[in-house]
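Going by numbering that gives the first Met the number 0, the residue at position 334 of the sequence shown is 333; the numbering climbs one at a time, nothing skipped.
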Amino acid sequence: MDAGLEGIVVARTALSDVDGERGRLVVRGLDLEELAEKDFEDVAALLWGELVDRPVSGEELRVALGAARVAAFERIAPVLPVAARAGAVEGLKLCLSALGGAPGELGSLPEALVDPVRVTAAIPVAIAARTAIAQGREPVRPRPEEPHVADFLRMLRSAPAEPAEVAALQTYLVTVAEHGMNASTFTARVVASTRAGAPWAVLAAYCALVGPLHGGAPGPVLDMLDAIGTPDRADEWISAELAAGNRLMGFGHRLYRTRDPRADVLKQAVRQLRDAQVGRDSRLALAEHVERAALSALERHRPGRRLETNVEFYTAVLLDALGVERAAFTPVFAAGRVLGWCAHALEQARTGRLIRPASQYVGARARQLASRS
Ligand code: ACO
């Protein structure tokens, strides 16, 4: 038994392969670098298409997601005031719980994709509407004719975004869309194996995502950059953290023994934003310095353990440059990863069996309990 189920195969999947030794991520036969060039809707079609009874195109999903965003806006309206008071992470959980009922007009979409589309559409609508209310603005209605990511950023800001910003957010969302049998994806598959349906699988997966050892790290990454402040303070700050027994957020990974390939894709996206001179003044230069200092400190701290930069480090820098509030980083992560969660839920429902592992009892024996009474 391994307490973290490390190395234990729990499913056969055709969705993605994480090669932790070589630092390579393949999604449906595409290397991450190729995937990262694609539109959100095309990645949805890539991940979901082979799991339903007929092929679907990105264009078909663009139309369906637009209609489903409009439906979600109505559906979550009653819970928005509570969600706005609850904070970004909790707020999305409340909105996801409020989904249900009629999906609105989703055209002739294959039946199995109705729930994945509904829940995928709802996440950016919920994040944007909750943020607007929390900031004293009117929630912005979705525009069904807009591409999903452009509409997300427009609703979030109450204003259209620059194309370079939409491109950066899209790169982020598709880069994190799917990544093997991580904790939240496993959760999604467990729930889907009970035939509870995609919205339940996604809600449960989101609850697994929010922890700091999984998708909750990028906010703390930014806290770290703020605490360091200037490059000259990096070494001292990092040494003090490690000496205190704390983990450096944005470093280390269960699988990667080399650099997480997503880190480089996202770093490149931040560079492109900076070069296009849009977005907020980025912390890129400080981040690059802190990354170098952290890597050499971690090598001294755990020689041979190969603790490298993970996806969360440049996620934080990218989302910050796009003006996303740090409390919303994990919900925005979910807006991308939902594609993978739904794909796994579909795959599990099609090919899987009820997931029901065993446990090893190490408690008191019945005989001992009986002798006490
Ligand atoms: N900083 C300092 N030390 C670390 C770090 C880190 N970031 N990561 C691992 N270590 C140390 C651990 O303390 C452990 O030391 P120990 O054996 O003395 O206890 C050793 O390296 C081995 O680490 P594990 O805990 O076995 O690594 P595991 O595979 O369980 O954890 C994880 C991976 C959770 C990502 C870990 O590296 C970590 O906590 N990183 C910081 C949080 C973070 O960045 N989370 C986002 C992950 S990416 C994602 O899920 C989307």
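Idealized CB from N, CA, C, for every residue including glycine.
Whole-Å CB distance - residue i paired with residue j, under 8 Å assumed
i, j, result
"Gly19", "Tyr313", "Their Cβ separation, rounded to whole angstroms, is 18 Å, which puts Gly19 and Tyr313 out of contact at 8 Å."
"Val42", "Ala200", "Incorrect: roughly 19 Å between the Cβ atoms, too far for contact."
"Arg261", "Val310", "4 Å"
Nearest-angstrom Cα separation, counted from residue j out to residue i
i, j, result
"Gln267", "Leu321", "14 Å"
"Ala239", "Ala87", "31 Å"
"Val316", "Asp280", "10 Å"
"Val8", "Thr193", "19 Å"
"Pro146", "Thr229", "38 Å"
"Ala234", "Glu298", "The displayed chain sequence assigns Asp, not Ala, to residue 234. Going from the Cα of Asp234 to the Cα of Glu298 covers about 13 Å."
"Ala2", "Asp150", "42 Å"
"Met223", "Ala365", "50 Å"
"Ala160", "Asp263", "24 Å"
"Pro115", "Ala76", "20 Å"
"Asn181", "Pro143", "32 Å"
"Ser56", "Leu24", "23 Å"
Own chain partners of residue i with C-beta closer than 7 Å, once the 5 adjacent residues on each side are dropped
i, result
"Ala293", "Ile237, Leu247, Phe250"
"Glu287", "none"
"Lys37", "Val173"
Residue from the options with nearest C-alpha to residue i
i, options, result
"Gly244", "Arg301, Ala191, Leu338", "Arg301"
"Thr308", "Ala70, Glu290, Val323", "Glu290"
"Pro198", "Trp340, Arg140, Leu285, Ala275", "Trp340"
"Val69", "Leu98, Arg11, Gln276, Glu58", "Leu98"
"Val78", "Ile132, Glu40, Leu306, Val190", "Ile132"
"Ala334", "Leu208, Gly362, Arg349, Ser295", "Leu208"
"Pro217", "Val269, Ala204, Ala326, Leu285", "Ala326"
"Thr350", "Leu31, Glu49, Leu4", "Glu49"
"Arg117", "Leu152, Thr174, Glu73, Pro80", "Glu73"
"His213", "Asp225, Thr12, Ser183", "Ser183"
"Val113", "Leu265, Leu64, Arg84", "Leu64"
"Val51", "Glu110, Ser96, Asp16", "Glu110"
"Ser295", "Pro330, Arg336, Leu241, Ala344", "Leu241"
"Gln169", "Leu34, Thr257, Ala275", "Leu34"
Per DSSP, the bridge partner or partners of residue i
i, result
"Thr130", "In the DSSP output, where bridge partners are listed per residue, Thr130 has none listed."
"Thr308", "Phe250"
"Val17", "Leu24"
"Asp30", "Val25"
Neighbourhood of residue i by C-beta distance below 6 Å, restricted to the same chain and skipping five residues each side
i, result
"Ala71", "Ala120, Ala121, Val124"
"Ala82", "Gly90, Leu93, Cys94, Arg129"
"Gln347", "Arg188, Ala191, Ser192"
Spatial neighbours of residue i in its chain, beta-carbon cut-off 8 Å, leaving aside the 5 residues before and after
i, result
"Arg156", "Gly322"
"Glu59", "Ala44, Gly106, Leu108"
"Leu31", "Arg23, Leu24, Val25, Thr174, Pro260, Arg261, Val264"
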